[in-house]
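Structure first, commentary second.
In the working numbering, the protein residues as written are 5 to 402.
See the structure below:
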């Protein structure tokens, strides 16, 4: 069965679509938007009923020669009419709340993408290490078989043979460890994509070493690109809307009350129609004043938090960019100078051994040095890719 090959873009797209943590944010956003639809609702009317100015003696309710009767049965309705400015302020506040969660979702996407990229690139490098290890195993296998033949003619030492066998076993063990690492990367990526953890797939061995523009890490660009900073800005805006909503509670509210009296005896039917007004007073608005002060101080704290994040991010990006430049130079030196020189050293040593003018210990040392240099170069490549992912995460470029 041929395994499916997934590109990095495909993996990231599946994470964005299927990851349950992101679906949780979608549900929270929908919940907040649904709640905002009810922000302009009125208070329910109050209905009251009962006896109104009715004597305790029921005999006085009825009309007689002494009078037309006394008392009545009342039915009343009261409706408060909320201030239009207050309704609008509450709606604007509740309608803006989901914008913070939307930015939090984007922040989480960026974090998940960084984890996915790291595992994907580590998989690529591990594949390269396995290929190098397998190639070096072929070289060792050739040497071991040659020694078995040459030993029969006393052309090689037995200790050298066992050293080569030991190196062969160590390389086999390393390959097993690397294959286990690939299995772990596959499980991690399947987990991020919310798939069966044992789903088999392969990856594209494509990567790109890039140079970062220092101008892209200025505070203005970071403020525009980073979701966590935009979430802080949205929170500040929501708090400002909450302050505005609290201030509308200093405005009066009006109401209407209508009451109808079903009079007893021969009394005429009566009604009451009254207008009402709630007048906020200093002793009734202390909580609103305190809330306004609290949100203003909170916004000041959020501004300092934003400055803290910008300061840390610019410092981290600057440090990682410097490290990236240096590691790239080391990797380039290893690829262009160290590894070719060690390969020529190995080729020279094995040629001398084959011509009986060199020692196998020298060949094994040359093989080990070449193998180690290739693995170390791939470790440098892994460091480069990890730094690139981390800088991408800090810059959060779309």
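Don't be surprised by glycine CBs; every beta carbon is placed ideally from N, CA and C. Computed from a prediction, not measured in an experiment: that's the story for all the values here.
Contact check, residue 10 vs residue 148, beta carbons under 8 Å
no
Beta-carbon contacts of residue 393 that lie in its chain and below 8 Å, excluding the five residues immediately before and after:
118, 121, 122, 125
Would residue 16 be called buried (16 or more neighbouring beta carbons within 10 Å of its own) or exposed?
buried
Span of the beta strand (DSSP E) around residue 52
50-56
What did DSSP end up calling residue 400 once you bin it into helix, strand or coil?
coil
Closest to residue 310 by C-alpha separation, out of 200, 51, 34, 236, would be which residue?
236
Kindly indicate the opening and closing residues of the alpha helix (DSSP H) around residue 205.
First-last for residue 205: 205-207, but that is the beta strand (DSSP E), not the alpha helix (DSSP H).
Closest by C-alpha distance to residue 356, when choosing among 347, 346, 367:
367
Which ranges would you report for the beta strand (DSSP E) in the region 24-94 if only whole runs of at least 3 residues count?
50-56, 76-85
Assuming contact is defined by CB atoms lying nearer than 8 Å, are residue 36 and residue 78 in contact in what I supplied?
no
Whole-Å CB distance - residue 268 paired with residue 46, under 8 Å assumed
Between residue 46 and residue 268 the Cβ distance is about 35 Å, and since that is not below 8 Å, they are no contact.
Indicate the three-state DSSP secondary structure (helix, strand or coil) for residue 100 in the structure shown.
helix
Suppose contacts are defined by Cβ-Cβ distances below 8 Å. Is residue 80 in contact with residue 263 by that definition?
yes
DSSP state of residue 382, grouped into three classes?
helix
If you drop the 5 nearest sequence neighbours on each side, which residues of the same chain put their C-beta closer than 6 Å to that of residue 375?
140
Given a cut-off of 8 Å on the beta-carbon distance, is the pair residue 204 and residue 128 in contact?
no
Range covered by the beta strand (DSSP E) that runs through residue 262
257-267
Just to confirm my understanding: we take residue 384, look at its own chain, exclude 5 residues before and 5 after, and list those with CB closer than 8 Å. What are they?
331, 334, 335, 338
Three-state secondary structure (DSSP) of residue 159:
Below a pLDDT of 50, predicted positions are generally treated as unreliable, and residue 159, at 49, falls in that range; the measurement from the model is reported next regardless. Coil.
Taking 8 Å as the threshold (C-beta atoms), are residue 107 and residue 410 in contact?
Lying before the first or after the last residue shown, residue 410 is absent from the chain, which here runs from 5 to 402.
Validate contact between the region 238-248 and the region 42-62 using beta carbons, cut 8 Å, 3 pairs:
no
Quick test of the definition: if touching needs 3 or more C-beta pairs under 8 Å, does the region 246-259 touch the region 87-105?
yes
Let me check understanding here. Comparing Cα to Cα, which of 189, 18, 249, 57 lies closest to residue 295?
249
Proximity of residue 388 and residue 314 at Cβ, strictly below 8 Å:
no
Would a C-beta distance cut-off of 8 Å place residue 40 and residue 99 closer than the cut-off?
yes
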